[in-house]
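Notes to accompany the following structure.
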């Protein structure tokens, strides 16, 4: 089977690479696809979702100073076939959610599209929105 590479993959600058990699892999369930050092870097994936993590370093591509929480003004939607196992691992780890899990029906013009979702911040404050498609229904 040919390896799949998403055409757009966010690369997150992280303040503590080991802590971030542990959070994404051990708690959330991502798998490392590739990893290197100098600077510490990992390309991780979960189903069709791909993210890059890189330790902050002097030659990085930061356009300004990085202050906690990182990623202000953006959230990363991570759509999975089933978000319940991730939700349970987060709860077991004692991590607070930014927004509790709930079902939301979004108006998409011709119908309503359902998403089960919750939001959590990673160790640097990046906002992750885990979502699961619930189907569509009429607007009646």
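Residue numbers (my numbering): 38 to 177.
Ideal Cβ positions, reconstructed from N, Cα and C, are used throughout, including at glycine.
Where residue 171 is concerned, the enclosing beta strand (DSSP E) starts and stops at 164 to 174. When secondary structure is reduced to three states using DSSP, residue 58 falls in the helix class. Leaving aside the five residues that flank residue 82 on each side, the residues in its chain whose CB is nearer than 8 Å to its CB run, in chain order, 67, 68, 70 and 88.
Between residue 90 and residue 57, the gap from beta carbon to beta carbon is short of 8 Å. Rounded to the nearest angstrom, the Cβ distance from residue 47 to residue 155 is 19 Å, too far for a contact under 8 Å. The beta carbon of residue 107 lies closer than 6 Å to those of 161, 162 and 163 in the same chain, with the five residues before and after it left out. Taking all protein chains in view, the Cβ of residue 61 is crowded by 16 or more other Cβ atoms within 10 Å, so the residue is classified as buried. Residue state for residue 109 is assigned as coil, using DSSP reduced to three classes. Comparing alpha carbon positions, the residue from 84, 120 and 98 closest to residue 168 is 120. Per DSSP, residue 149 is one residue of the beta strand (DSSP E) stretching across 149 to 158.
Residue state for residue 116 is assigned as strand, using DSSP reduced to three classes.
Under the DSSP assignment, residue 128 falls in the alpha helix (DSSP H) whose first and last residues are 121 to 129. The three-state secondary structure of residue 103, taken from DSSP, is coil.
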